[in-house]
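A.B. asks: Dropping the structure in here first, questions after.
Number of protein chains: 2
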Amino acid sequence: MSNQEKLNIMRHSAAHVMAAAVLKLFPDAKFGIGPTIEDGFYYDFELPRNLSPEDLPKIEQAMSEIVKNKEKFAGQELGIDQAVKLFKDLKQDYKVELLNDLKQKGTTEVKEEGQELFEKPDKVSIYKLGDFVDLCRGPHLRHAGEVKVFKLTSIAGAYWRGDEKNPMLQRIYGTAWENQKELDAYLKNREEATKRDHRKLGKELEIFMFNENIGKGLPLLLPNGRVLREEILKLETEIENRVGYERVWTPHIAKSDLYKLTGHWEHYRECMFSPFGVDDETYVLRPMTCPHHYMIYKNKSRSWRDLPLRIAEDGTCYRYEKSGELGGLARVRCLTIDDAHIFVTPDQVKDEYRLLIKMVQQMFEAFKLKDYYVSLSTHDPKDKKKYIADEATWNKAEKSLEEILKENKIKYELCPGEAAFYGPKLDFIVHDVLGREWQMSTLQIDFFMAERLGLTYVDKKGNPAHPIIVHRGFTGSLERTIAMLIEHFAGAFPVWLSPTQIKIISVGADHIEHCRELAREFMDIGARVQVDDMNETVGNKIRKAEKERVPYMLVIGDKEIGGKELSIRERGVKKTYKIKKQEFIDKILKQIKERS
Amino acid sequence: MSNQEKLNIMRHSAAHVMAAAVLKLFPDAKFGIGPTIEDGFYYDFELPRNLSPEDLPKIEQAMSEIVKNKEKFAGQELGIDQAVKLFKDLKQDYKVELLNDLKQKGTTEVKEEGQELFEKPDKVSIYKLGDFVDLCRGPHLRHAGEVKVFKLTSIAGAYWRGDEKNPMLQRIYGTAWENQKELDAYLKNREEATKRDHRKLGKELEIFMFNENIGKGLPLLLPNGRVLREEILKLETEIENRVGYERVWTPHIAKSDLYKLTGHWEHYRECMFSPFGVDDETYVLRPMTCPHHYMIYKNKSRSWRDLPLRIAEDGTCYRYEKSGELGGLARVRCLTIDDAHIFVTPDQVKDEYRLLIKMVQQMFEAFKLKDYYVSLSTHDPKDKKKYIADEATWNKAEKSLEEILKENKIKYELCPGEAAFYGPKLDFIVHDVLGREWQMSTLQIDFFMAERLGLTYVDKKGNPAHPIIVHRGFTGSLERTIAMLIEHFAGAFPVWLSPTQIKIISVGADHIEHCRELAREFMDIGARVQVDDMNETVGNKIRKAEKERVPYMLVIGDKEIGGKELSIRERGVKKTYKIKKQEFIDKILKQIKERS
Chain A
8 MSNQEKLNIM RHSAAHVMAA AVLKLFPDAK FGIGPTIEDG FYYDFELPRN LSPEDLPKIE
68 QAMSEIVKNK EKFAGQELGI DQAVKLFKDL KQDYKVELLN DLKQKGTTEV KEEGQELFEK
128 PDKVSIYKLG DFVDLCRGPH LRHAGEVKVF KLTSIAGAYW RGDEKNPMLQ RIYGTAWENQ
188 KELDAYLKNR EEATKRDHRK LGKELEIFMF NENIGKGLPL LLPNGRVLRE EILKLETEIE
248 NRVGYERVWT PHIAKSDLYK LTGHWEHYRE CMFSPFGVDD ETYVLRPMTC PHHYMIYKNK
308 SRSWRDLPLR IAEDGTCYRY EKSGELGGLA RVRCLTIDDA HIFVTPDQVK DEYRLLIKMV
368 QQMFEAFKLK DYYVSLSTHD PKDKKKYIAD EATWNKAEKS LEEILKENKI KYELCPGEAA
428 FYGPKLDFIV HDVLGREWQM STLQIDFFMA ERLGLTYVDK KGNPAHPIIV HRGFTGSLER
488 TIAMLIEHFA GAFPVWLSPT QIKIISVGAD HIEHCRELAR EFMDIGARVQ VDDMNETVGN
548 KIRKAEKERV PYMLVIGDKE IGGKELSIRE RGVKKTYKIK KQEFIDKILK QIKERS
Chain B
8 MSNQEKLNIM RHSAAHVMAA AVLKLFPDAK FGIGPTIEDG FYYDFELPRN LSPEDLPKIE
68 QAMSEIVKNK EKFAGQELGI DQAVKLFKDL KQDYKVELLN DLKQKGTTEV KEEGQELFEK
128 PDKVSIYKLG DFVDLCRGPH LRHAGEVKVF KLTSIAGAYW RGDEKNPMLQ RIYGTAWENQ
188 KELDAYLKNR EEATKRDHRK LGKELEIFMF NENIGKGLPL LLPNGRVLRE EILKLETEIE
248 NRVGYERVWT PHIAKSDLYK LTGHWEHYRE CMFSPFGVDD ETYVLRPMTC PHHYMIYKNK
308 SRSWRDLPLR IAEDGTCYRY EKSGELGGLA RVRCLTIDDA HIFVTPDQVK DEYRLLIKMV
368 QQMFEAFKLK DYYVSLSTHD PKDKKKYIAD EATWNKAEKS LEEILKENKI KYELCPGEAA
428 FYGPKLDFIV HDVLGREWQM STLQIDFFMA ERLGLTYVDK KGNPAHPIIV HRGFTGSLER
488 TIAMLIEHFA GAFPVWLSPT QIKIISVGAD HIEHCRELAR EFMDIGARVQ VDDMNETVGN
548 KIRKAEKERV PYMLVIGDKE IGGKELSIRE RGVKKTYKIK KQEFIDKILK QIKERS
């Protein structure tokens with residue numbers, strides 16, 4: 008058993024300990040579900056009153072007693088009807104609902120955070136800990152004394168089964184670790200993560216907003232957010248132009264017919280918005296740009312000489328997500344995908360991937376993301392029916408991808424059987440400075456769609472052939488990338504990304520005109536600059552600029568107007584230094600150009 | 008009576024002459040409507056067979072006879088029921104339908120190209136010309152002999168009353184002029200316009216496409232079109248940055264609630280797409296960006312110090328247009344509006360307009376549009392109830408606008424009573440090289456919306472006040488601007504706008520590598536360059552590049568590789584000249600930078 012698996016068992020046991028403690032404090036408590044999550048666990052409760060943060064130490068106290076008493080986890084297998092009766096007697100309505108669902112719909116429908124509860128629907132297991140009885144697959148520790156150090160971290164509301172039509176339960180989050188040192192490190196990291204939370208910083212730094220009249224999951228990028236968006240796109244376009252990408256612009260809707268052609272209507276509809284009528288036709292917001300790009304490919308006849316043909320677009324797409332799953336910019340209903348569809352001949356796949364990986368690395372370098380790995384999803388050789396294309400084609404493609412990863416010394420993990428039926432895939436998973444994972448670039452091979460849609464090229468022998476399509480998400484979604492960058496840099500973006508690069512601070516009213524002239528000069532060289540000419544102390548203005556994470560602050564008073572040097576203060580540094588104007592201009596231009 | 012009015016009477020009479028001629032050739036013809044249009048007239052017919060271009064001389068011949076015979080236009084007033092009977096007897100079903108509509112719905116519903124047919128619904132007038140009888144308000148010439156020179160120009164299909172659910176009629180277009188010279192000039196201009204038609208050129212030059220699976224009126228910009236779009240936006244952003252605009256990015260949908268707040272749901276809904284449900288809420292594609300920008304304004308408290316606040320966005324919007332009214336890029340259902348909303352205090356209006364007009368002029372200069380005028384829509388002082396804000400506010404605003412137009416020596420025409428109820432408006436109407444009019448920039452004052460939505464700022468005295476909003480459409484729509492630019496330049500864009508600026512043509516296989524090196528060099532300085540390395544003659548390659556309207560063609564053979572100079576051929580010029588590479592680079596960079 009891996010350390011992570013052991014930790015998960017302890018955390019799941021801690022969730023039961025917490026539930027048992029809550030039952031002691033609230034004998035009428037009804038229990039939802041209580042799974043482990045990354046770094047901890049939670050449990051959802053229906054309680055007679057709302058919890059407040061002051062309740063957490065009391066619950067922790069009750070938990071400590073259970074741990075101290077080394078209360079036993081007692082597992083038992085029951086027939087499903089027997090279990091229904093047990094939980095009915097205990098008045099645990101939510102557990103009864105789960106059991107009834109399990110009984111009626113079989114095994115697949117009852118899931119706890121994506122994991123199936125039971126494999127055989129006619130038998131279930133329960134675990135007792137004191138008076139607390141849970142419907143639970145286990146496994147658990149032998150007794151509560153084996154729960155090492157734990158801490159309850161927060162309270163939140165959560166709809167039963169994530170559905171806003173259901174009652175809102177109270178969720179308590181907790182964490183458990185092998186020792187105090189690990190817990191402390193985790194809590195420190197968590198505190199830092201809270202400070203960096205892009206939802207909080209995004210508001211403070213005026214990067215994005217939501218508005219209830221516009222709708223859930225539909226972010227509006229404020230001027231600072233638009234700068235981030237433009238800078239990311241500019242970086243991507245620069246990288247693409249070196250290689251030879253063709254950018255297009257396509258509408259955000261299409262007839263539902265288009266998605267019937269591609270198969271999305273059948274297989275992807277639950278992620279799409281509802282259709283609407285125009286004249287006698289049915290239209291829908293697009294969930295991805297692929298079908299639009301296929302129609303562009305099909306618009307003229309193509310030859311092997313045209314391949315690789317690389318069609319790129321910063322295409323805004325609309326995907327339905329449950330409202331409970333929306334979160335800041337990381338999970339939205341309106342997202343701009345920095346997509347490309349690359350049409351290649353079979354013998355171009357390897358070189359194209361080589362190029363793509365280089366491009367992704369160039370982007371990561373600009374974002375100062377050094378720690379990442381690749382997850383390589385391959386086919387399952389045992390399940391031949393599942394996949395389009397023959398074994399040899401799959402093997403060749405997968406081998407090529409693996410070779411390129413090795414060639415580039417990129418950490419990767421193989422995920423056999425994880426590939427979609429139409430081709431293998433590379434996903435780049437990035438760790439930010441706090442070590443958290445963000446899914447970024449995706450490079451998906453598609454052996455299938457060209458044939459389905461009749462996309463062809465004339466090969467060297469003059470015969471029609473189907474191109475292989477590579478779907479490339481450069482960052483995946485601009486919105487999530489902005490969220491990641493905010494958290495990764497804690498809002499203190501490198502100069503090239505900073506919405507305001509230079510803040511010019513006037514000492515007194517006499518200096519304002521000179522500040523403005525200077526600002527125009529910096530603007531002319533392409534820097535983003537603001538003048539703070541408010542009637543406030545210089546100290547105040549510097550504090551404001553620091554809060555806005557502006558990388559350079561220039562204080563302009565009599566000395567600076569008379570002298571030949573600028574007084575510069577850098578973000579996060581208390582000392583001011585002097586520098587000649589031209590030297591400063593050279594410095595900042597270099598930083599912008601090199602994205603250093 | 009103006010010359011134009013006289014010409015219109017002659018053209019409308021010519022339409023009747025044409026109808027009478029058609030009736031002679033096709034005694035069973037049923038007649039739709041036959042109005043005058045810019046530069047001519049048309050008439051819609053239901054005929055027993057499809058017309059072909061060979062029919063036009065025959066109809067012209069029959070028209071000439073009617074003209075030669077000086078047949079009389081005989082007008083007569085009839086009661087509406089009498090008229091119904093007359094047209095029933097003539098089996099003119101379409102006329103009967105019009106009359107029945109007129110009878111049931113009163114005067115406003117029966118329109119002929121936007122003009123009301125009759126003022127009193129109980130009386131109508133008819134005009135006879137030989138056997139042809141028309142429901143027609145007149146006036147007409149005295150007799151057909153007064154029709155000077157005419158020509159039938161084309162045949163098209165047109166749904167009865169522009170509705171695709173109705174039968175498709177056959178439309179014949181014609182034109183009539185005072186003399187042969189004017190007709191010849193018109194026909195020549197028309198031929199040139201046909202050559203420049205952006206629908207034709209847009210396809211040939213691979214600028215945009217439509218696809219039936221995506222939908223009507225939804226253009227896809229191909230790589231060349233995307234370049235045009237980007238260059239237009241780059242120009243606009245440069246002009247905006249000099250002034251201090253803040254760019255935002257907002258989603259393409261919103262809850263219908265938003266449009267209920269602004270009043271669009273009530274007043275603008277027929278131009279909007281159908282709504283669709285998300286969870287329990289109703290969403291809709293946005294028809295304009297204004298409401299999104301208002302929510303951004305409202306997102307924080309604003310002070311007089313923040314004004315003018317200029318929020319800009321290249322915002323894609325979706326507007327319902329009848330499918331019969333769609334045409335290339337000029338009339339679409341998906342359009343990107345280069346919008347800005349400028350929030351000003353009352354005493355900033357004049358300076359802001361001064362600035363806006365300067366910005367519009369800078370844009371026109373870059374597009375080489377020299378011939379334009381402004382239409383100034385003002386309020387009607389007699390109709391005080393119609394307008395929000397008091398007489399003094401209106402007068403002051405209108406006077407300011409007129410002063411600025413005079414100050415800038417801009418031709419303008421006053422359109423009293425044409426203003427919307429919420430404020431006066433400037434529209435820039437541009438003439439392209441063929442003298443055709445294109446509606447471009449719009450600068451609309453809005454005294455109303457800030458109050459309706461509760462948008463405020465704290466004024467100098469510390470009191471809340473409502474800003475005045477200026478709606479700015481820079482070009483109006485990027486799609487229509489691209490259409491206009493294609494036609495204005497006949498696809499031969501100035502260097503800065505050209506999708507491909509340099510075409511490098513290899514003489515033989517040995518020269519390809521050198522061509523590619525050169526291409527990389529030009530790419531590095533920011534030029535858009537393509538290598539034509541096909542195995543074809545240089546002559547062929549030059550012809551292709553000329554057809555693509557590439558401004559610079561470089562032919563690379565042994566001499567150029569060995570020598571120190573490039574051989575350049577410019578678009579439309581048959582001769583090649585020699586130039587040092589650096590000189591060429593300086594030249595093209597200057598043209599790009601100065602948009603010359």
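So the sequence lines, in the order shown, correspond to chains A and B.
Throughout the first sequence, residue numbering follows this note's numbering, covering 8 to 603 in sequence.
Throughout the second sequence, residue numbering follows this note's numbering, covering 8 to 603 in sequence.
Ideal placement from N, C-alpha and C gives every residue a C-beta, glycine not left out.
(1) Examine chain A for any beta-carbon lying closer than 9 Å to the beta-carbon of residue 306 of chain B, and answer yes or no.
(2) As a quick exercise: from B:247, B:287, B:475, B:396, pick the residue whose alpha carbon is nearest that of residue 365 of chain B.
(3) How is residue 348 of chain A classed by DSSP in three states: helix, strand or coil?
(4) Hey, does residue 280 of chain A have any beta-carbon neighbour from chain B nearer than 9 Å?
(5) Please report the distance separating the alpha-carbon of residue 243 of chain B from that of residue 551 of chain A.
(6) With 16 other CB atoms within 10 Å as the buried threshold, where does residue 580 of chain A fall?
(7) Kindly indicate which residue of B:160, B:97, B:531, B:104 has the alpha-carbon position closest to the one of residue 61 of chain B.
(8) Just to make sure I have the definition right: I need the residues of chain A whose C-beta is within less than 8 Å of the C-beta of residue 256 of chain B. Which are they?
(9) How far does the alpha helix (DSSP H) with residue 312 of chain B in it reach, from first residue to last?
(10) What are the boundary residues of the beta strand (DSSP E) that includes residue 163 of chain A?
(11) Run through chain B and tell me which residues come within less than 7 Å of residue 262 of chain A, C-beta to C-beta.
(12) Name, please, each residue of chain A whose Cβ falls closer than 8 Å to the Cβ of residue 341 of chain B.
(13) Out of curiosity, what's the CA-to-CA distance linking residue 2 of chain B and residue 74 of chain B?
(14) Using only the alpha-carbon positions, how far apart do residue 208 of chain A and residue 94 of chain A sit?
(15) Name the DSSP bridge partner or partners of residue 271 of chain A?
(16) Pick helix, strand or coil for residue 132 of chain B, following the three-state DSSP scheme.
(17) Assuming residue 506 of chain A and residue 234 of chain A make a contact with CB atoms under 8 Å, what is their CB distance in whole Å?
(18) Would you mind working out which of A:538, A:411, A:457 sits nearest residue 297 of chain A, comparing C-alpha positions?
(19) Quick one: is residue 175 of chain A near chain B, going by C-beta distance under 9 Å?
(20) Of all the CB atoms in chain A, is at least one closer than 9 Å to the CB of residue 466 of chain B?
(21) Expressed to the nearest angstrom, what Euclidean distance is found between the alpha-carbon atoms of residue 436 of chain A and residue 488 of chain A?
(22) Determine the direct distance from the alpha carbon of residue 434 of chain A to that of residue 574 of chain B, and round the result to whole angstroms.
(23) Run through DSSP, which three-state label would residue 494 of chain A get?
(24) Any idea if residue 143 of chain A is buried or exposed, counting beta-carbon neighbours within 10 angstroms, 16 or more meaning buried?
(25) Could you please give the first and the last residue of the uninterrupted beta strand (DSSP E) stretch that includes residue 422 of chain B?
(26) Enumerated in chain order, which unbroken segments of the beta strand (DSSP E) with a length of 3 residues or greater are wholly contained in the stretch 243-270 of chain A?
(27) Note down, in chain order, each residue of its chain lying with its Cβ closer than 8 Å to the Cβ of residue 314 of chain A, except the 5 sequence neighbours on either side.
(28) Which residues in the same chain have their Cβ closer than 6 Å to the Cβ of residue 373 of chain A, if we skip the five residues on either side of it in sequence?
(29) Verify whether the separation of the beta carbon atoms of residue 70 of chain B and residue 27 of chain B is less than 9 Å.
(30) Is the shortest distance between the beta-carbon of residue 313 of chain A and the beta-carbons of chain B less than 9 Å?
(31) With respect to the beta strand (DSSP E) encompassing residue 360 of chain A, which residues constitute its N-terminal and C-terminal limits?
(32) Answer yes or no: the CB of residue 104 of chain B versus the heavy atoms of the ligand GDP, is any distance below 8 Å?
(33) Could you give the DSSP three-state label for residue 340 of chain A: helix, strand or coil?
(34) Is residue 206 of chain A closer than 9 Å to residue 258 of chain A when the C-beta atoms are compared?
(35) Enumerate in chain order the residues of its own chain whose CB-to-CB distance from residue 590 of chain B is below 8 Å, with the five nearest sequence positions on each side excluded.
(36) Helix, strand or coil for residue 440 of chain B, going by three-state DSSP, please let me know.
C.D. replies: Reading off the structure:
(1) yes
(2) B:247
(3) strand
(4) yes
(5) 31 Å
(6) exposed
(7) B:160
(8) 227, 228, 232, 233, 236
(9) Looking at the DSSP string, residue 312 of chain B is not in any alpha helix (DSSP H), and its letter there is neither H nor E.
(10) 156-166
(11) 220, 221, 222
(12) 258, 259, 260
(13) Since the first residue shown for chain B is 8 and the last is 603, residue 2 of chain B is missing from the structure and cannot be characterised.
(14) 45 Å
(15) Looking at the DSSP assignment, residue 271 of chain A forms no beta bridge with any residue, so it has no partner.
(16) strand
(17) 4 Å
(18) A:457
(19) no
(20) no
(21) 12 Å
(22) 48 Å
(23) helix
(24) buried
(25) 419-423
(26) 260-262
(27) 350, 351, 352, 355, 464, 474
(28) 242, 602
(29) yes
(30) no
(31) Run containing residue 360 of chain A: none in the beta strand (DSSP E); it sits in the alpha helix (DSSP H), 356-373.
(32) You won't find the ligand GDP in this model; it holds no ligand whatsoever.
(33) coil
(34) no
(35) none
(36) coil
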